[in-house]
Amino acid sequence: MRRRQFLKILGLGGVAGAALPGTAGAARFAYDGSPDAVGVLHDSVRCIGCRKCEAACNKVNELPKPAKPLDDLSVLDTTRRTHADAYTIVNKYFPEPGKNPVFRKIQCNHCMEPACASACFVHAFKKSETGAVVYDPTVCVGCRYCMVACPFNIPAYEYHKALTPRVMKCTLCQPRLLEGKLPGCVEACPKEALQYGKRRDLLNIAWDRIGANPGRYVEHVYGEREMGGTSWIYLAPKPSFAALGFDEHLGDTSAPELTSGALAAVPAVAGVWPVLLGGIYAITKRKEKIAEEEKKAAVDAAIAKASADAEAKLSEELAKAEVANKRRIEVEVKKALEAAHKEAEGGEDA
Amino acid sequence: MFNTLQDLLLHNKSVTYVIMAVVLLCFVGFWHFLTDKEERKRRY
Amino acid sequence: MTAEHKKRGTLFTPGNIIAGIILAAGLVVTVMRFTMGLGSVTNLSDNNPWGIWIGFDLLCGVALAAGGYTTSAACYIFGFKRFHAAVRPAILTAFLGYALVVFALHFDVGRPWRLVYPIFYQQGTTSVLFEVGLCVFIYLTVLFLEYLPAALEWLGGFDKYRGILIKVTMVLTILGVILSTLHQSSLGALYLIAPSKLHPLWYTPYLPLMFFLSSMFAGLSMVIFEGTLSHRNFHHKMDDEYNTNYETLQIAFARGSAWIMAGYLAMKLLGLAMDNRWHYLFTGFGVWWLFEVIGFVALPCYCYAVGYRDKNLGLIRLAAPWTVIGIVLNRFDVSLVAFNWRLPSVDRYFPSVGEIIISLFVVTVGVLVFRFIVTRMPIFYTHPAYKDSSH
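Residue numbers (the numbering used here), protein chains in the order written: chain A, 1 to 350; chain B, 1001 to 1044; chain C, 2001 to 2391.
Here it is as structure tokens:
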């Protein structure tokens, strides 16, 4: 009973220790990304929702034409998300009723510590030196864990394709960047709502703009730290980012940091479980062996005692029998003597 | 209201310690509940 | 002539007819999936990339196959010799369970022929899913090797190989516990990466521990449940060793389950405390969480405890499927109910007919293969020529 209790406590303690959220490695290092990494700044104060960025993206990436034409502004009356044939979309919001609508452009944020790259079990996503998060469809298995992992719900999937479905998302026009060109959407924007440059330059520009227009902008650059920081950063007019559909509950912890604890437990289990389980097996065997030996010893002792008892009883009985026999003989002799004596006396009288 | 992570964690972990103690006592009680009716095995 | 007629008659039992219908429907959906794409047979979407093929076939399948490692560990590592007769059925259930998980995955992933890429071609080692895949791959091999002696005994003539396999039982068992610990907990760890998408009552850094603990009593409960069902349907295949220890095992596993469920409940409570989640209990999702935890963990735990205490097999045989349903409910809650809880209801996921058909198809194939094996191979009995497998 005690053995099992001990083992259960041991087991639970071992698992608890190994599987606790860990600080293994993740928090010890600070990473700033590659120094020349680029990004894009989107300013919702300047954006007019013309969808020219969507049209340019569609053209540059040779995506299929959507059901409603790309200059149809009525689609803005519904809230959309990225799709297999739309790497980027613009949504319309009314943060202050009665006032002009505000627009948000949605596309892959090319995170500093991309959740998709962390999640992909075949290493199909890579954060390149340019800053773009690049997808390799030649190894993708189609497990769609990247879609589960992305906090911004960006990757889309070609569910309509039977044998060659791909994950679809903004590429930051990596091929164009390598040719020295601007991303398609940035080039097409008529209002300079999209600005391309080095990420750290863009951060400075964003904060300068906030300072130069007091009371106009929300005093926050979205993407500066969210999920560990993104290459695509945003400015929004007051009242808030939340009013434009931005998720303000994401926190600053990146995806790799979120899973590093669980991953750290893996080698611990591999290293320690053999020790624990082998040890328990050895202890179990030893206890069984000792129990066997004790049992054998007890049986032997019982047998020995039984035969000793039996022998003692036998000799006792024998002794008793001998005594009884002797007495019987004595009694018989005495009787015979008395009888003889009586006869002798009786003979004398006659 | 917690203004710092430190405040939040202090509160959370304090509550947790108390519950841990209660849990351990409950485990002892549960063990007795499970094994009350067992006949004591004779070990030779 | 009469014997043949009888044989044909017994093939079309109600159970077999239902199985046949499911198999036929499954084949139709399979063809659709591979000619017209996932979109044609599933309700998966960009917001809901994982549905019941992951939530049920993968998560529940793996959790409920945990009877393999728990039973073999109890018998070979912890020395409970009297459970020996239950090891082979448990290993078979586990082996088929994992094989079916891999089978089901071939429907879900976009390019199933690439399923070996992460292991052999390009390893995404930062991914928890990589670790799941690697573990499942190795563990399926281990389970196959643990099951193989029974098949070899049935085939006959492979004594040398069978002997080698029996010799390495202990190593395979220990390896099985290590691998199971890793992948059972990692299935929970999969969701650690998406805190913004999982409801706070289900999202906890303790998710891996929760999944691991629950896999243990899921496995024990499945062994009890599968034993009850098998006893009813395959009684004629069971030998004395199996029958003598059958009830003792159910009582002992009831105690084990109750104890581990108590630990799981403690962790649920401590998890709430560590992250200060109490106020969520007073919401709609809170009621559902309480329904899952109290209705399908605390209550069956108590049922097991009283059943063990009073040696009441009726209660134990009630608690076992109750617990199994609780595990399924928990995996569904994590992957489908609490996941994407913030999305408006119009964007939420519900399985399609095609997905349900394939899930039923996968389970049916499993049951049929199980039946085929146990009615022919020494699973519930010891092969007379191989008495050393019973020690």
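All C-beta atoms in this analysis are idealised placements derived from N, C-alpha and C, irrespective of residue type, glycine included.
Nearest-angstrom Cβ-Cβ length linking residue i and residue j, presumed shorter than 8 Å
i         : j         : result
A:Pro95   : A:Ala243  : 3 Å
B:Val1023 : C:Ala2266 : 4 Å
A:Phe121  : C:Leu2115 : Actually they are not in contact, since the Cβ atoms of A:Phe121 and C:Leu2115 sit about 10 Å apart, beyond 8 Å.
C:Gly2055 : C:Leu2290 : Between C:Leu2290 and C:Gly2055 the Cβ distance is about 21 Å, and since that is not below 8 Å, they are no contact.
C:Val2041 : C:Gly2354 : 3 Å
A:Arg46   : A:Lys181  : Incorrect: roughly 22 Å between the Cβ atoms, too far for contact.
A:Val272  : C:Leu2182 : A:Val272 to C:Leu2182, Cβ: 12 Å. No contact.
C:Phe2099 : C:Ile2357 : Looking at the sequence itself, residue 2099 of chain C is Ala, so the reference to Phe does not match. Contact doesn't hold; Cβ gap of about 20 Å is too wide.
A:Cys111  : A:Thr230  : 5 Å
C:Phe2285 : C:Leu2201 : 6 Å
C:Phe2107 : C:Trp2053 : 6 Å
C:Asp2333 : C:Glu2292 : 6 Å
Contacts around residue i, its chain only, beta-carbon distance under 8 Å, and the 5 residues preceding and following it disregarded
i         : result
A:Glu59   : First, the amino acid is wrong: residue 59 of chain A is Lys here, not Glu. Excluding sequence neighbours, A:Lys59 sits near Gly184.
C:Val2324 : Leu2064, Ala2218, Ser2221, Met2222 and Phe2225
Chain-order list of residues whose beta-carbon lies under 6 Å from that of residue i (same chain, five-residue window excluded)
i         : result
C:Gly2287 : Before going further, note that residue 2287 of chain C is Val rather than Gly in the sequence given. Within the same chain, C:Val2287 has no close Cβ partners at all.
C:Leu2249 : Phe2083 and Ala2086
C:Trp2322 : Pro2300
A:Phe246  : Tyr222
C:Phe2211 : Gln2184, Ser2185, Leu2187 and Gly2188
Extent of the continuous beta strand (DSSP E) run through residue i
i         : result
C:Gly2188 : Taken as a continuous stretch (DSSP letters only), C:Gly2188 belongs to no beta strand (DSSP E), being part of the alpha helix (DSSP H) at Thr2169 to Ala2189.
A:Phe125  : Phe125 to Lys127
A:Asn61   : Note, A:Asn61: premise wrong, no beta strand (DSSP E); not H, not E.
A:Asn109  : Where A:Asn109 is concerned, there is no enclosing beta strand (DSSP E), given that its DSSP letter is neither H nor E.
A:Tyr234  : Trp232 to Leu235
A:Ile89   : Ile89 to Tyr93
Alpha helix (DSSP H) segment containing residue i, residue limits
i         : result
C:Asn2243 : Asp2240 to Asp2275
C:His2084 : His2084 to Asp2108
A:Tyr159  : Note, A:Tyr159: premise wrong, no alpha helix (DSSP H); not H, not E.
A:Val133  : Run containing A:Val133: none in the alpha helix (DSSP H); it sits in the beta strand (DSSP E), Val133 to Tyr135.
C:Pro2321 : Leu2313 to Phe2332
C:Phe2120 : Tyr2117 to Phe2120
A:Ser118  : Ala115 to Ala119
A:Met147  : Tyr145 to Ala149
C:Thr2070 : Gly2067 to Ser2072
C:Met2377 : Taken as a continuous stretch (DSSP letters only), C:Met2377 belongs to no alpha helix (DSSP H), as it is neither H nor E.
B:Lys1013 : Leu1005 to Thr1035
A:Arg176  : Gln174 to Leu178
A:Asp185  : The question names Asp, but residue 185 of chain A in the sequence shown is Cys. Start and end: Gly184 to Ala188.
Same chain only: Cβ atoms within 7 Å of residue i, ignoring 5 sequence neighbours per side
i         : result
C:Arg2162 : Pro2149, Leu2152 and Glu2153
A:Asp36   : Lys198
A:Pro137  : Arg166
C:Leu2165 : Leu2145, Leu2148 and Pro2149
A:Arg144  : Tyr157
A:Ala24   : For A:Ala24, the pLDDT reaches just 45, beneath the cut-off of 50, and the residue's location in the model is therefore unreliable, although a value from the coordinates is still provided. Only Ser260, Gly261 and Ala264 meet the Cβ criterion.
A:Val75   : Lys68
Residue i - DSSP class collapsed to helix/strand/coil
i         : result
C:His2236 : helix
C:Ile2022 : helix
A:Leu277  : helix
A:Met168  : strand
A:Phe103  : strand
C:His2279 : helix
C:Tyr2147 : helix
C:Leu2044 : coil
C:Phe2056 : helix
A:Ala86   : strand
C:Phe2158 : coil
C:Phe2291 : helix
C:Phe2034 : helix
C:Phe2339 : strand
C:Leu2198 : strand
C:Tyr2076 : helix
A:Tyr31   : coil
A:Glu338  : helix
A:Thr23   : With a pLDDT of 42 at A:Thr23, under the threshold of 50, the modelled position of that residue is not reliable, and the figure given next carries that caveat. Of the three classes helix, strand and coil, the one that applies to A:Thr23 here is coil, per DSSP.
A:Cys47   : coil
Paired residues, beta bridge with residue i - DSSP
i         : result
A:Tyr196  : A:Val40
C:Phe2296 : None, per the DSSP bridge assignment.
A:Tyr222  : A:Tyr234
A:Tyr217  : A:Pro237
Residue i beta carbon near the ligand COA (any heavy atom closer than 8 Å)
i         : result
C:Leu2368 : As for the ligand COA, it is missing from this structure, which has no ligand bound.
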